[in-house]
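Only one structure is covered here, and it is reproduced in the block below.
Numbering (the numbering used here), first residue to last: 60 to 463.
In structure tokens, the structure reads:
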């Protein structure tokens, strides 16, 4: 079983030299590579192994992130030693992701002025204020009824990590490119094969994106290879269908007759009309939908098609205590977030509508799988690739100090 790692401490791809590693907060990392940009680094700065340039950048910008110029390129800029000055927003995001903490900056400043006990007290107050501002920036605060105490610090951190993981692994930019290709193919040619190929590309991207999103979560990493495979087989089609519904909205595909007609070639006109109706009913707060994806991902089963040969003998399915623990955490987090944002009464209505939408998505995704050979072949191909990637990951040689 692979070691459990936090989302905010994923390792850079440059870490290949196991002869120069050290352990920091449960992770094995390269001892001379900056986790932010890949430059040379020798010591931990503000919670992460960082070079002098990234240390000073974080010190200057982290206390007031709202003053940093927003990213102009989909918030997914590559940060390395050559590009680190190109996008301050993405660089600062990576600093936080790698574990850098503004609390440590405050602690460093205050240590020069007061004793240890006063440092701890003041730093906790600063950390609380920073978290308050971060909460407002990420999730909004548009009503006096909002009570942030509904969620504790651990829950706010978990919510932020989920949102960050979703935004990291579900980049919409490639989808926009495929949508443009659908427009071009619809206006320049009547070739049905070309349109179907574009739809297949979009669907494949959806499955691989949601797979990467789920695989990055600590709860998933604690599972064995067999358990991960079983979970994907039973839940990935339903989760991907809900995510595709989200993409229909954020890319405005449901308002494009060309896109609807192209998808209808694979999924049928009736199913596309249902997709449009579901899009209209889906909650406009995407944070709610992101948490719903998590809840579905850790279900015992959200796929109505009985296709697994050893389904009845699946011990992981019958002993679902670990899944129940993860799913309960995300359900409670969803409810607390909704009551924080919308109050008790409105949250009841939103939660009811969300359940209705999810049930419809599961029903229609299973219907499509059973009745569209094109979609069925695509899903089976993706699942087979997923199984191979899980086996390859688990069969990698493990260094003395664990996986890096």
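Every residue gets a Cβ at the ideal spot worked out from N, C-alpha and C, and that includes glycine. Fair warning: this is a prediction, and the values are worked out from it, not measured in the lab.
Span separating the alpha-carbon of residue i from that of residue j
i, j, result
"residue 353", "residue 402", "22 Å"
"residue 296", "residue 115", "45 Å"
"residue 445", "residue 408", "37 Å"
"residue 459", "residue 90", "Note that residue 459 scores a pLDDT of 45, beneath 50, so its modelled location is shaky and nothing firm can be said."
"residue 100", "residue 113", "10 Å"
"residue 396", "residue 217", "12 Å"
"residue 158", "residue 225", "18 Å"
"residue 450", "residue 351", "28 Å"
"residue 222", "residue 276", "11 Å"
"residue 356", "residue 143", "35 Å"
"residue 151", "residue 429", "46 Å"
"residue 107", "residue 448", "29 Å"
"residue 435", "residue 427", "8 Å"
"residue 102", "residue 94", "11 Å"
"residue 154", "residue 146", "13 Å"
"residue 139", "residue 92", "11 Å"
"residue 404", "residue 410", "10 Å"
"residue 231", "residue 324", "23 Å"
"residue 258", "residue 282", "32 Å"
"residue 311", "residue 389", "28 Å"
"residue 215", "residue 399", "11 Å"
"residue 463", "residue 345", "Reliability of the predicted coordinates at residue 463 is poor, the pLDDT of 42 falling under 50, and no value is obtained from them."
"residue 342", "residue 236", "26 Å"
"residue 471", "residue 298", "The question about residue 471 has no answer, for the chain in this structure spans 60 to 463."
"residue 326", "residue 117", "48 Å"
"residue 306", "residue 260", "14 Å"
"residue 212", "residue 391", "14 Å"
"residue 255", "residue 331", "14 Å"
"residue 438", "residue 284", "19 Å"
"residue 433", "residue 267", "17 Å"
"residue 135", "residue 425", "33 Å"
"residue 141", "residue 406", "47 Å"
"residue 313", "residue 126", "36 Å"
"residue 315", "residue 309", "12 Å"
"residue 63", "residue 387", "Low local confidence applies: a pLDDT of 36 at residue 63 is under 50, so the model's placement there is unreliable, with the coordinate-based value given in what follows. Distance between the alpha carbons of residue 63 and residue 387 is about 19 Å."
"residue 131", "residue 317", "28 Å"
Any non-hydrogen atom of the ligand ATP within 8 Å of residue i CB
i, result
"residue 228", "As for the ligand ATP, it is missing from this structure, which has no ligand bound."
Closest Cα partner of residue i within the set the options
i, options, result
"residue 334", "345, 343 and 322", "322"
"residue 286", "438, 94 and 359", "359"
"residue 385", "327, 290 and 269", "290"
"residue 319", "271, 238 and 394", "238"
"residue 329", "309, 125, 417 and 431", "431"
"residue 443", "92, 254, 161 and 292", "292"
"residue 440", "337, 263, 281 and 417", "263"
"residue 393", "210, 134 and 164", "210"
"residue 123", "399, 164 and 98", "164"
"residue 220", "345, 156 and 416", "156"
"residue 97", "132, 137, 130 and 274", "137"
"residue 104", "160, 134, 135 and 302", "160"
"residue 415", "452, 433, 391 and 348", "348"
"residue 133", "438, 269 and 233", "233"
"residue 422", "362, 268 and 304", "362"
"residue 383", "406, 111, 309 and 279", "279"
"residue 452", "314, 265 and 274", "274"
"residue 162", "125, 309, 406 and 121", "121"
"residue 294", "317, 269, 315 and 308", "269"
Enclosing alpha helix (DSSP H) for residue i [first to last residue]
i, result
"residue 113", "111-120"
"residue 220", "212-228"
"residue 285", "284-309"
"residue 94", "Per DSSP, residue 94 belongs to no alpha helix (DSSP H) and is neither H nor E."
"residue 253", "251-274"
"residue 363", "From DSSP, residue 363 is part of no alpha helix (DSSP H); its letter is neither H nor E."
"residue 156", "147-156"
"residue 279", "277-280"
For residue j and residue i, believed in contact at Cβ under 8 Å, the rounded distance
i, j, result
"residue 148", "residue 128", "6 Å"
"residue 412", "residue 336", "That pair is no contact at about 13 Å."
"residue 302", "residue 271", "Going by Cβ atoms, the distance from residue 302 to residue 271 rounds to 11 Å, so no, they are not a contact pair."
"residue 252", "residue 420", "Their Cβ separation, rounded to whole angstroms, is 28 Å, which puts residue 252 and residue 420 out of contact at 8 Å."
"residue 338", "residue 288", "Not quite, the Cβ-Cβ distance comes to about 31 Å (not below 8 Å), so this is no contact."
Item to check | Whole runs of the alpha helix (DSSP H) within the stretch 316-352, excluding any shorter than 4 residues | outcome: 316-326 and 328-340
Item to check | Minimum length 4: unbroken alpha helix (DSSP H) runs contained in the stretch 395-457 | outcome: 432-453
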